Ligand SMILES: *Cc1c(COP(=O)(O)O)cnc(C)c1O
């Protein structure tokens, strides 16, 4: 037996498993398992990335001033209270590292994103799972679960993998009701898909106990680049900047993300296409007897009769070259999460589900 052992909690972590991207024996499979933008990043972003090749010998900016200014301009925020990270995952990790340790509790919801639990355990804190109400975040259940040890509450709004969200009034009620030592983290990975939703920015402005995180991985089509950001009260951003590595983001990542966020036309087109195709896909699945909650994100959580049917459908989709996501690990064994692809992909998925259920030839 080795005496070399990791910190308490680390071995309780089940390593994160990303969405599959290949099917054995099928060359042109459609990947609908990681909520990626089927249209990819804007041309301006790709051009910025190509140009960055000529500067690869230079160290990147350490303060990310140019990208923060662009984000601030587009969203009407204070650039001084924005922090950029290697995906929003890094911001979420900083928050756990900075605020949660042994003896502390970190709340996440029943079908919440896996990274919250991993972040808590990484730092020796105790993850606390709170029930949702029919796959929707339950503010009362969260408030009831808070103790004097609760340091962080993580809510994805819209949530992954349910696709549901709660209103701004509910979020405000949650922030207002938390114990004084508790920080509310609003994970807005899918906020851009919701029309007229600020991701919680106004609440961040109004309070000292709310942080929001955002990403370039979803609407902006830059999952492979790894850029996310956070916005919070000055005291929190100051803390996070102390643990952020000075060169956490490459210059290629910084300039590409900046070009992406400045291309409003592409972002708007992607959002509109997603809204239209998401409605079409949900309707088509419902016609085959596969219900889903109204999604506010770029995926649909399809509900099947039971676990066996969901798994059999997943196998059938795979045989047709369609890769979707099983979500048993999110306490949803009877569901499959399907990213809204381009129109052809949506039609293929709907047709294949219909074939699987014997509804179409
Ligand atoms: C995809 C996703 C993220 C974003 O992760 P990145 O590290 O920014 O790629 C964060 N939270 C949730 C809930 C997600 O689904």
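Residue numbers (this note's numbering): -2 to 358.
Using N, Cα and C, we set each Cβ at its ideal position, and we do this for glycine too.
Keep in mind it's a predicted model, so treat the numbers as computed, not measured.
- Your pair residue 279 and residue 297 checks out as a contact, with CB atoms roughly 5 Å apart and the cut at 8 Å.
- Two segments are said to touch when three or more pairs of C-beta atoms, one from each, lie closer than 8 Å; by this definition the region 148 to 168 touches the region 319 to 335.
- Look at the beta carbons and you see the region 80 to 92 touching the region 105 to 120: at least three pairs across the two are nearer than 8 Å.
- Counting along the chain, the unbroken alpha helix (DSSP H) around residue 203 starts and ends at 198 to 203.
- Nearest to residue 276 by C-alpha distance, out of 105, 16, 336, is 336.
- In the structure shown, residue 163 falls within a coil segment according to DSSP collapsed to helix, strand and coil.
- Closest in C-alpha terms to residue 175, from the list 67, 143, 272, comes 143.
- Taking the Cα positions, residue 346 is about 37 Å away from residue 64.
- Residues with their Cβ less than 5 Å from any non-hydrogen atom of ligand 1, running along the chain, are 84, 85, 86, 110, 153, 157, 184, 186, 212, 214, 225.
- Separation of residue 269 and residue 50 (C-alpha to C-alpha, rounded to the nearest whole angstrom) is 32 Å.
- Straight through space, the alpha carbons of residue 99 and residue 6 are spaced by roughly 9 Å.
- Secondary structure note for residue 251: its alpha helix (DSSP H) is the uninterrupted segment 248 to 259.
- Our two residues, residue 308 and residue 54, have alpha carbons roughly 48 Å apart in a direct line.
- Straight through space, the alpha carbons of residue 136 and residue 171 are spaced by roughly 6 Å.
- Around the C-beta of residue 319, 16 or more other C-beta atoms lie within 10 Å, and the residue is accordingly described as buried.
- When C-alpha distances from residue 295 are compared across 105, 191, 183, the shortest belongs to 191.
- Taking the Cα of residue 288 as reference, the smallest distance to any Cα among 273, 239, 338, 351 is reached at 351.
- If you draw a straight line from the Cα of residue 121 to the Cα of residue 60, it is about 30 Å long.
- When the beta-carbon positions are compared, residue 76 and residue 69 come within less than 8 Å of each other.
- The shortest C-alpha to C-alpha distance from residue 147 to any of 31, 164, 180 is the one to 180.
- Closest by C-alpha distance to residue 95, out of 232, 357, 321, is 232.
- Counting along the chain, residue 310 sits inside the alpha helix (DSSP H) bounded by residues 304 to 316.
- DSSP places residue 296 in the strand class (E or B) of the three-state scheme.
- Between residue 150 and the set 168, 28, 164, 161, the nearest pair of CA atoms involves 168.
- Of the residues assessed, residue 357 falls on the exposed side of the cut-off, its CB having fewer than 16 other CB atoms within 10 angstroms.
- Rounded to whole angstroms, the gap between the alpha carbons of residue 331 and residue 302 is 7 Å.
- If the five residues before and after residue 25 are omitted, its C-beta is found closer than 7 Å to the C-beta atoms of 318, all from its own chain and listed in chain order.
- For residue 69, the uninterrupted alpha helix (DSSP H) run begins and ends at 62 to 72, by DSSP.
- DSSP, reduced to helix, strand and coil, places residue 225 within a strand of the structure shown.
- Runs of the beta strand (DSSP E) lying entirely within the region 118 to 191, each at least 3 residues long, are 123 to 127, 147 to 153, 180 to 184 in chain order.
- C-alpha of residue 208 to C-alpha of residue 344: approximately 38 Å in a straight line.
- Rounded to the nearest angstrom, the Cβ distance from residue 153 to residue 186 is 6 Å, consistent with a contact under 8 Å.
- With fewer than 16 neighbouring CB atoms inside 10 Å of its own CB, residue -2 falls in the exposed class.
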